[in-house]
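Heads up: the structure comes next, in structure tokens.
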Amino acid sequence: MTNIAIEFKTLLLLLCLAAGWMLEYIAPLQRASRQRAVEHVRHDLKNLCLAAIATAANSALVVLLLFPVLQLTAARQWGLLNWPGLPGWIIWPMALVLFDLWQYGWHVLNHRLPWLWRFHVVHHADTAMDTSSGLRFHFIEIALSTLIRVPLVMLLGLQLQHLLVYELIALPVVLFHHSNLRLPLALDRLLRIFIVTPRMHWVHHSDQRIETDSNYASVLTLWDRLFGSYRGRDNFADLQLGVRGEAYLSLRDMLLVPLRRRR
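So in this note's numbering, the last spot in the sequence shown is 266, and the numbers never skip.
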């Protein structure tokens, strides 16, 4: 099942990237962020290379730590989802919703704790948002995310298939809401009742701190509304992306600067 899921995720990633790039060209949310073809290719290649490095570096943690913990949790029946009185039909919805809630909480922590922000800032320093920006994360941030999932798996009783299915749902949503895609305003408003859209998540990538500290959700917008971190904006003509005082112009900068900087 794992190999099939990985192959399907890879295919899904390629399809989402291709669709995102095509739609962004046809209907950009912010024309000012569109680059010349050569610059666009360089920008996206840097983001994709950073993602490949993070994936490769994280693979050892997944295989040597996360997978064994998942197997042990299933064998010992640890966690909330293995509670004997829990109806079988509710386990899958609970697993996916609770994991999405954790993703929201983890994102908030990446903004509130300076030692996490120093790596997460690489993601926010992108001043030319597009579909590839959804993959732009420092390898240490990805590794820390995997490490913190170990106690979460044991506490909730998550299984491998829960994590795989969540990732297959979250991947297209995350690439979608990072994309430079202009949806009809009415459609965007309708979708963001349920899931994060470009108009919602781009606010989070504003260079204004009051906007950056909002709209943390990965998939379900419920969490931002529930915890009071939702912030709307319909006019994007004057929206400035990135982080003031931060510029990562090369792949080398994205990898090394966070290792020696302080907020």
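The C-beta atom is built at its ideal place from N, Cα and C for all residues, glycine as well.
Just so it is clear, the structure is predicted and the values come from calculations on it, not from any experiment.
Would you grab the beta carbon distance between Leu-84 and Leu-159 for me? Rounded to a whole angstrom, and I think it's under 8 Å.
By one-based count along the sequence shown, residue 84 stands at place 81. By one-based count along the sequence shown, residue 159 stands at place 156. 6 Å between Cβ atoms; contact.
With respect to the alpha helix (DSSP H) encompassing Val-41, which residues constitute its N-terminal and C-terminal limits?
Along the sequence shown, read from residue 1 onward, the residue named residue 41 stands at position 38. Counting along the chain, the alpha helix (DSSP H) containing Val-41 begins and ends at 40 to 64.
Contact set for Leu-147: own chain, Cβ-Cβ below 8 Å, skip 5 residues either direction
Position 144 of the sequence shown, counted from the start, is the residue given in the question as residue 147. Same-chain partners within the cutoff: Leu-119, Phe-122.
Output needed for Val-156: all residues of its chain with C-beta closer than 7 Å, excluding positions within five of it in sequence on either side, in chain order.
Sequence index remark: in the sequence shown, residue 156 carries index 153 (1-based). Same-chain partners within the cutoff: Val-72, Leu-73, Thr-76.
Secondary structure at Leu-223, three-state DSSP: helix, strand or coil?
Your numbering for residue 223 matches position 220 in the sequence shown. If DSSP states are grouped into helix, strand and coil, Leu-223 belongs with the strands.
Tell me the rounded alpha-carbon separation between Arg-266 and Asn-238.
Counting from 1 along the sequence shown, the entry for residue 266 is found at position 263. Counting from 1 along the sequence shown, the entry for residue 238 is found at position 235. Only weak support exists for where Arg-266 lies, its pLDDT of 45 falling under 50; the coordinates are left without a value.
On the DSSP bridge list, what partners appear for Ile-151?
For this step, residue 151 is matched to residue 148 along the sequence shown. None; Ile-151 has no bridge partner.
Can you name, in chain order, every residue of its own chain whose Cβ lies under 6 Å from the Cβ of Val-176, other than the five neighbours on each side?
Within the sequence shown, residue 176 is the residue found at index 173, counting from 1. For Val-176, where only same-chain residues beyond five positions count, the Cβ hits under 6 Å are Ile-198, Val-222.
Where do the ends of the alpha helix (DSSP H) carrying His-180 lie?
The residue labelled residue 180 in the question sits at position 177 within the sequence shown. Counting along the chain, His-180 sits inside the alpha helix (DSSP H) bounded by residues 163 to 181.
Under 7 Å Cβ to Cβ from Gln-106, same chain only, skipping five residues before and after it: list those, please.
Here the question's residue 106 lines up with position 103 in the sequence shown. Cβ neighbours of Gln-106 beyond the five flanking positions: Ser-221.
Are the CB atoms of Leu-53 and Phe-140 nearer to each other than 9 Å?
The sequence position of residue 53 within the sequence shown is 50, counting from 1. The sequence position of residue 140 within the sequence shown is 137, counting from 1. Contact flag set, yes.
Return the residue from the list Leu-32, Gln-162, Leu-188, Gly-108 that minimises the CA-CA distance to Ala-78.
Taking the sequence shown and counting its residues from 1, one reaches residue 78 at position 75. Among Leu-32, Gln-162, Leu-188, Gly-108, the Cα nearest to that of Ala-78 belongs to Gln-162.
Val-136 versus Asp-129 - alpha carbon distance:
Position 133 of the sequence shown, counted from the start, is the residue given in the question as residue 136. Position 126 of the sequence shown, counted from the start, is the residue given in the question as residue 129. Here residue 136 is Ser; the residue named in the question, Val, does not match the sequence. Near 7 Å, if we compare the C-alpha coordinates of Asp-129 and Ser-136.
Pairwise C-alpha distance: Arg-247 and His-110
Looking up residue 110 in the sequence shown gives position 107. Looking up residue 247 in the sequence shown gives position 244. Distance between the alpha carbons of His-110 and Arg-247: 20 Å.
If you follow the alpha helix (DSSP H) that Tyr-107 is part of, which residue opens it and which one closes it?
Within the sequence shown, the letter at position 104 stands for residue 107. Segment 94 to 115, the alpha helix (DSSP H) holding Tyr-107.
Provide the residue(s) that pair with Leu-244 in DSSP beta bridges, ordered along the chain.
Here residue 244 corresponds to residue number 241 of the sequence shown, with the count starting at 1. Answer is Ser-209.
Just to check my reading of the structure: Asp-210 and Gly-245 have Cβ atoms closer than 8 Å, yes? What is that Cβ distance to the nearest angstrom?
Indexing the sequence shown from 1 puts residue 210 at position 207. Indexing the sequence shown from 1 puts residue 245 at position 242. Confirmed, Cβ separation roughly 5 Å.
From this set, Leu-229, Ile-29, Val-65, Arg-255, which residue's C-alpha is nearest Leu-104's C-alpha?
Your numbering for residue 104 matches position 101 in the sequence shown. With distances taken between Cα atoms, Leu-104 lies closest to Leu-229.
Identify every residue that forms a DSSP beta bridge with Leu-89.
Start at 1 with the first residue of the sequence shown, and residue 89 comes out as number 86. Looking at the DSSP assignment, Leu-89 forms no beta bridge with any residue, so it has no partner.
Would you say Arg-212 faces chain D, with C-beta separation under 9 Å as the test?
The structure shown has no chain D; it contains just one protein chain.
Among Tyr-233, Ser-253, Leu-26, Leu-190, whose alpha-carbon lies nearest the alpha-carbon of Glu-42?
For the purposes of this step, residue 42 is taken as the residue at position 39 of the sequence shown. Ranking Tyr-233, Ser-253, Leu-26, Leu-190 by Cα distance to Glu-42 puts Ser-253 first.
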